[in-house]
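Yeah, the sequence shown ends on 167 if you go by our numbering, and it's all consecutive. Where is the CB? At the ideal position from N, CA and C, for every residue including glycine. The structure presented is a predicted model; accordingly, all values stated were derived computationally and were not measured. Heads up, the thing below is written out as structure tokens.
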Amino acid sequence: MTLASARHILVDSENKCVELKLAIESGKDFAEVAREHSSCPSGMRGGDLGSFGRGQMVPEFDQAVFNSDLKTVVGPVKTQFGYHLLEVTSRD
76 MTLASARHIL VDSENKCVEL KLAIESGKDF AEVAREHSSC PSGMRGGDLG SFGRGQMVPE
136 FDQAVFNSDL KTVVGPVKTQ FGYHLLEVTS RD
């Protein structure tokens, strides 16, 4: 089974998600932005979600994680929970 490790930032608007993505792409640290802005409890860990397999996350998130390049900030990804920025840190 393929496993991925990722971190993410969850916010309630697409505009906020785009704004945070631009900040990260301009040099802000992903983990720092997650701690400051993510509404997910994982934000306290810099957005770290640990390792998970296909089908363990909601479909939109799962597709983004298993189809994106490593170490690239992806998003906004809209799910039932809000808007996500994500970064796949590893995939085996």
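Taking 8 Å as the cut-off, the beta carbon of A81 is found closer than this to the beta carbon of V163. For F127, the uninterrupted beta strand (DSSP E) run begins and ends at 123-128, by DSSP. Residues of the same chain with a CB within less than 6 Å of the CB of G118, apart from the 5 flanking positions on each side, are A109, R110 in chain order. Residue pairing of I84 in beta bridges, as defined by DSSP: L160.
As for any beta strand (DSSP E) of minimum length 3 sitting wholly inside the segment 129-159, the runs are 148-154, ordered along the chain.
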